[in-house]
Amino acid sequence: MEQYGWFEYEDAPWKIRNFKSGQELILKDVTFQKLPEEFLKKWASDNRAKLIRDLFPQPEYFEYSSELEFLYKDTEIEQILCFSIKYEKDKHRRFGITIDYNKIFETSPSYGLWRRIDDFFVDVALCWPEGVFDERPFGLIVIGAWYQGKWRSDVKRIFSGRKAGKREVVASYPIVEPHLEPLHSPAPQQWTYIDVAEPKAQASLKFCIDETYNIPFFSQDEQLVGFQERVPYLLRNDQKAAIFPALLEPNSHRGEDPDAHLYYTYVDEDVFFTFRSCLVYGLELSDCKNYGFRKLPPDPRFFASDALGAIGDSTYVSRFGSSCLSYFVWRRALNAIMDAWPNWKNSINFTVDGMARKIEIDPSINLPPNYGRQAYVGNFGPTITRGFCGGMVNNWYCLKFETPEMYENIKLVRLIG
Numbered sequence: 008m009e010q011y012g013w014f015e016y017e018d019a020p021w022k023i024r025n026f027k028s029g030q031e032l033i034l035k036d037v038t039f040q041k042l043p044e045e046f047l048k049k050w051a052s053d054n055r056a057k058l059i060r061d062l063f064p065q066p067e068y069f070e071y072s073s074e075l076e077f078l079y080k081d082t083e084i085e086q087i088l089c090f091s092i093k094y095e096k097d098k099h100r101r102f103g104i105t106i107d108y109n110k111i112f113e114t115s116p117s118y119g120l121w122r123r124i125d126d127f128f129v130d131v132a133l134c135w136p137e138g139v140f141d142e143r144p145f146g147l148i149v150i151g152a153w154y155q156g157k158w159r160s161d162v163k164r165i166f167s168g169r170k171a172g173k174r175e176v177v178a179s180y181p182i183v184e185p186h187l188e189p190l191h192s193p194a195p196q197q198w199t200y201i202d203v204a205e206p207k208a209q210a211s212l213k214f215c216i217d218e219t220y221n222i223p224f225f226s227q228d229e230q231l232v233g234f235q236e237r238v239p240y241l242l243r244n245d246q247k248a249a250i251f252p253a254l255l256e257p258n259s260h261r262g263e264d265p266d267a268h269l270y271y272t273y274v275d276e277d278v279f280f281t282f283r284s285c286l287v288y289g290l291e292l293s294d295c296k297n298y299g300f301r302k303l304p305p306d307p308r309f310f311a312s313d314a315l316g317a318i319g320d321s322t323y324v325s326r327f328g329s330s331c332l333s334y335f336v337w338r339r340a341l342n343a344i345m346d347a348w349p350n351w352k353n354s355i356n357f358t359v360d361g362m363a364r365k366i367e368i369d370p371s372i373n374l375p376p377n378y379g380r381q382a383y384v385g386n387f388g389p390t391i392t393r394g395f396c397g398g399m400v401n402n403w404y405c406l407k408f409e410t411p412e413m414y415e416n417i418k419l420v421r422l423i424g
């Protein structure tokens, strides 16, 4: 039996199991295929390679696609799931997986049901054996999601990446505790965009340093203040959470191209922190600044982690350096950002005059000519990089999400251009 992170891979029956949560995905049927079914019957790369040679002794390229049907099981529910998978036999040996929830659910699923299944199903696809054991490049497309308080059949998420590291290296990685979404969980609150007249290059949440714990603190009993008059921001409708641009940092990509870094602060009812965004890596959800708490003593679930995702007896919060997001906080922030981000006036890398809000470094500040000194709010999303796969930190994690509304700006750019 093979293992990667919290997943165990079995041949008989053909099954992937999270040994921490007890969730299982069992292959039930191959419903469509372009090549013989035997191609998918073994995990072992040697057997698969031999079959390829037997079937295709000469061609340098072929494509194989299949529709797979699974049974998902945990301690509370069972659900039939399916996805399509396509293999390309070229020099890169690529493969791609597509999950379309419109083929899985006949009607809109409840938020709690969908979130529990999606957390597991997407993670399984990102840890598919060909990717983590055969080291094939892969892509994952997921269609359908809960967004802004309702089910949307047209929301698309596009993942790419690779395994966290060599097998002998990741074998020593700590494996985080999983989270099973309660089936009765309500849909998250919607988010609203709030504008300002003239965005500034810096804004902050007015937190304090708690003397007892020596960590940043901003009470749950206080209203969110400190940034509203300085920058545009996204506000959750219950007014307990917000995302706002906190700092524009002049920088250069590899010392060659201007690439200003725009930092954002995320705050909800339990935690707050400031994370970086840039042109090359998008929104980086890994290490962060000014990690703090809304309630003391802090709930251990919200402790910052070490660089490999482990949570100890301390908060791991650094007042002057950076702190790392735990799996629990990363997952919460990731879902909130996906929900909120498209509400920026311009949330993709296209700029329409009068729509995207520009933030600039004061012209009186002298900078090297190869340093960037401006950025557009929302412009470095909706790509999110760095996170967790298989219960382990994975710096190759990459997610881009799309809604039809986000591409209205592209149409305007083409019309104007």
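Note that the numbering used here has the sequence shown beginning at 8, numbered continuously upward.
Each residue gets a CB set at the ideal place from its N, CA and C atoms; glycine is no exception.
| Check | Outcome |
| --- | --- |
| Beta-carbon spacing of F102, K110 below 8 Å | no |
| Straight-line Cα distance separating N244 from M413 | 21 Å |
| Ordered list of alpha helix (DSSP H) runs contained in the region 217 to 245, each at least 4 residues | none |
| Own chain, CB closer than 6 Å to Y180, minus 5 neighbours either side, in chain order | L315 and M399 |
| The region 345 to 354 contacting the region 375 to 390, beta-carbon criterion three pairs below 8 Å | yes |
| Exposure of E44, with buried meaning 16 or more beta-carbon neighbours within 10 Å | Because E44 sits at a pLDDT of 46, beneath the cut-off of 50, its placement in the model cannot be relied upon, and the point is left open. |
| P252 in three-state terms, based on DSSP | strand |
| I372: first and last residue of the uninterrupted alpha helix (DSSP H) it sits in | Note, I372: premise wrong, no alpha helix (DSSP H); not H, not E. |
| Spatial neighbours of Q246 in its chain, beta-carbon cut-off 8 Å, leaving aside the 5 residues before and after | Q230 and L231 |
| Pairwise C-alpha distance: F128 and K35 | 15 Å |
| Three-way DSSP call (helix, strand, coil) for P304 in this model | coil |
| Check whether F310 and S333 have beta carbons under 8 Å apart | yes |
| C-alpha gap between E218 and P304, whole angstroms | 12 Å |
| Integer-rounded CB distance, given that L75 should sit under 8 Å from V131 | Not quite, the Cβ-Cβ distance comes to about 11 Å (not below 8 Å), so this is no contact. |
| Reference P20; option with closest CA among I33, S115 and F26 | I33 |
| Segment contact flag, the region 401 to 411 with the region 135 to 143, C-beta cutoff 8 Å, min 3 pairs | no |
| Through-space distance from G168 to S226, alpha-carbon basis | 38 Å |
| CA-to-CA distance, Y378 to E263, given in whole angstroms | 8 Å |
| Rounded separation between L147 and A171 - CA only | 16 Å |
| Y118 beta carbon less than 8 Å from that of A194 | yes |
| Assigned exposure category for D346 - 16 Cβ within 10 Å defines buried | buried |
| Three-way DSSP call (helix, strand, coil) for N356 in this model | With a pLDDT of 45 at N356, under the threshold of 50, the predicted position of this residue should be treated as unreliable, though the coordinate-derived value follows. If DSSP states are grouped into helix, strand and coil, N356 belongs with coil. |
| Collapsed DSSP secondary structure at W1 in the structure displayed | Outside the displayed range of the chain (8 to 424) lies residue 1, so it cannot be described from this structure. |
| Whether E83 touches L190 by CB criterion (8 Å) | yes |
| Residues near K80 in its chain [Cβ-Cβ closer than 6 Å; skip 5 each side] | E31 |
| Within 8 Å, strictly: CB atoms of I344 and L290 | yes |
| Simplified DSSP assignment, three categories, for N386 | coil |
| Exposed unless 16 or more other CB atoms sit within 10 angstroms - verdict on C215 | exposed |
| Residues near F26 by beta carbon distance below 7 Å, same chain, minus five either side | W13 and E15 |
| Neighbour-count burial assignment, V324, 16 or more Cβ in a 10 Å radius | buried |
| Reduced DSSP secondary structure (H/G/I, E/B, other) of K35 | strand |
| Nearest neighbour of F224, chosen from A204, I250, Y288 and F280 [CA to CA] | F280 |
| Three-state secondary structure assigned by DSSP to L120 | helix |
| C-alpha distance - F77 paired with R174, whole-angstrom precision | 27 Å |
| When I318, R338, Y298 and K302 are compared against S330, the one with the closest alpha-carbon | Y298 |
| Where R24 sits in the DSSP three-state scheme | strand |
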